[in-house]
Amino acid sequence: MTTTPDLDLSAAARALRAPRVVCMAHMDPDADTLGSALALTHALRAVGTDAVTAVGSPAGAADVVPGRLQALPGAGDLVTTEVEPHPDVVAVLDCAVAERLGGLAGVLDRAGRVVWLDHHQPGEPQGSVVVVDPAAAATAEIVARLVGELGVALTGDVATCCYAGLVTDTGRFTNEATTPSALRLAAELIEGGVDVVGLNRALFDVMGFEELRLLGRVLAGAYREPGGLVWSTVTEHELAEAGLTLADTDGVVELLRDVEDARCALLLKQRATGGLKGSLRGVGEVEVASIAGRFGGGGHRRAAGFDTQATVADVVAGVVEALDGRRERG
């Protein structure tokens, strides 16, 4: 069901009042999915619920959380495969399709209820309660409102985790998701005790030496195509050698986007098991969610992603074709 956000939040709050709740973040987590899941977990624990945060990955928790997100309260206590087999409620955060939950997707069928919270339109939502608000700057903004419905204050760990999702999905409050409501929420979270300087440094500014060396190699291998596409690749093996995960590469695609005359940036991450994970960023009038849709993905107008079994050459050709079509229509 999907009604107005206020009615959905009330229904979601009622559904979440249960003894055991699993809050799920998607594979290769970013700050919005993980911050939202952790914030909701902290809030539910505050009202006496036995809540845990789970990340969709078959690997161990230390391998699935990007180093930059380790600063989030509770990031060291995640579960991945050893999830309560029959939880009363599963809350799915910032995840448009169940497949992005990896091995955790099967738990949805065994849960008493499923609460789906997102600011993207889910492909096939399987929730008893579905809360989708495309006007929200981040899923963390929805969770912040839901926390209020639960009667929990936006302070401490809850505030910190919500702020992480908000500041990243707004591009540090520089992209079109930076709405008045997002800025008002940021102020409220800061009043709730968020260490803005420390958290921003952890999320955006701190870089290990091996990460720096890898960044240099990825940027040195960048290409520029006719039509304004700037792209590069990195392998999961290269990331592992640098002590990084696939989700540690968001900053790289942002740098590709900043090239003069770029209309679209693409970073292709080659998985060790085969296939590609693509990250897209749009510039100006270029909307990348539909481009990601060509490869089974989706996202926002200016930031999107996908997983595909296509080759690097085929993906690059497909993105160039999409950009050419937009230029002709424009």
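Residue numbers (our numbering): 16 to 345. Cβ atoms here follow ideal geometry from the backbone N, Cα and C, with glycine treated the same way.
Pull up the CB-CB distance for residue i and residue j, whole angstroms please, since I reckon it's below 8 Å.
{"i": "T154", "j": "L84", "result": "Between L84 and T154 the Cβ distance is about 15 Å, and since that is not below 8 Å, they are no contact."}
{"i": "D103", "j": "R35", "result": "5 Å"}
{"i": "A40", "j": "V70", "result": "5 Å"}
{"i": "A325", "j": "L291", "result": "7 Å"}
{"i": "G311", "j": "T323", "result": "6 Å"}
Please go through the same chain and pick out, in chain order, the residues whose beta-carbon is closer than 6 Å to the beta-carbon of residue i, but skip the five residues on each side of it.
{"i": "A76", "result": "Its pLDDT being 38, under 50, A76 is placed unreliably in this model, and the coordinates cannot settle the point."}
{"i": "G180", "result": "A46, D47, G50, S51, A153, A155"}
{"i": "P260", "result": "Residue 260 is actually Thr in this sequence, not Pro. Excluding sequence neighbours, T260 sits near P81."}
{"i": "V209", "result": "A174, T175, Y178"}
{"i": "V233", "result": "S247, V249, V267"}
{"i": "A33", "result": "D103, V104"}
{"i": "D265", "result": "none"}
{"i": "T170", "result": "G207, G208"}
Considering only C-alpha positions, which residue in the set the options is nearest to residue i?
{"i": "P396", "options": "A90, A120, G91", "result": "Past the edges of the chain, shown from 16 to 345, lies residue 396, and the structure says nothing about it."}
{"i": "Y4", "options": "M42, V167, V158", "result": "The structure shown does not extend to residue 4, since the chain is modelled only from 16 to 345, so the question has no answer here."}
{"i": "T283", "options": "A255, V330, D273", "result": "This sequence places Leu at residue 283; Thr is not what is there. Nearest of A255, V330, D273 to L283, Cα basis: V330."}
{"i": "A90", "options": "L254, E97, T68", "result": "T68"}
{"i": "P368", "options": "R272, F321, L214", "result": "One cannot answer for residue 368 here, as it falls past the ends of the chain, which runs 16 to 345."}
{"i": "V348", "options": "R32, P149, M42, D184", "result": "This structure does not reach residue 348, given that the chain is present from 16 up to 345, and the question cannot be answered."}
{"i": "G293", "options": "G313, E275, L169", "result": "G313"}
{"i": "A318", "options": "E269, V182, S247", "result": "E269"}
{"i": "A237", "options": "R228, E226, V249, L227", "result": "V249"}
{"i": "E275", "options": "G118, M222, R239, A307", "result": "R239"}
{"i": "P241", "options": "E97, G340, G320", "result": "G340"}
{"i": "V8", "options": "H134, S72, M222, A332", "result": "Given a span of 16 to 345 for the chain in the structure shown, any question on residue 8 remains unanswerable."}
{"i": "D263", "options": "E225, A277, A235", "result": "E225"}
{"i": "A337", "options": "C279, G320, Q285", "result": "C279"}
{"i": "G117", "options": "R228, P44, V211", "result": "P44"}
If you drop the 5 nearest sequence neighbours on each side, which residues of the same chain put their C-beta closer than 8 Å to that of residue i?
{"i": "E164", "result": "L24, S25, A27, A28"}
{"i": "R316", "result": "E191, G297, E302, V303, A304"}
{"i": "A30", "result": "V104, R128, V130, S143, V144"}
{"i": "A201", "result": "Y178, L181, V182, F188"}
{"i": "L198", "result": "F188"}
Within a Cβ cutoff of 7 Å, which residues of the same chain sit near residue i, ignoring the five residues on either side of it in sequence?
{"i": "G345", "result": "Confidence at G345 is low in this model, with a pLDDT of 48, below 50, so the placement of that residue should be treated as unreliable; the coordinate-derived value is given next. So the list reads E300, once near-sequence residues are dropped."}
{"i": "A66", "result": "V36, C38, T56, L59, R60"}
{"i": "A151", "result": "H134, I157"}
Which two residues bound the contiguous beta strand (DSSP E) that contains residue i?
{"i": "D322", "result": "318-323"}
{"i": "E203", "result": "It is not in any beta strand (DSSP E) - E203 instead sits in the alpha helix (DSSP H) that spans 195-206."}
{"i": "S247", "result": "244-250"}
{"i": "V144", "result": "144-147"}
{"i": "E240", "result": "238-240"}
{"i": "C176", "result": "It is not in any beta strand (DSSP E) - C176 instead sits in the alpha helix (DSSP H) that spans 171-184."}
{"i": "D220", "result": "Run containing D220: none; DSSP gives neither H nor E here."}
Between which two residues does the alpha helix (DSSP H) containing residue i stretch?
{"i": "V267", "result": "265-272"}
{"i": "D47", "result": "46-61"}
{"i": "S305", "result": "304-308"}
Pairing CB atoms from the region 165-184 with CB atoms from the region 201-208, are three or more of them under 8 Å? yes
Across the region 188-198 and the region 49-59, are there enough close Cβ pairs to call them in contact, namely three or more that are closer than 8 Å? no
Is it true that the region 246-257 meets the region 212-221, where meeting means three or more beta-carbon pairs spaced less than 8 Å apart? no
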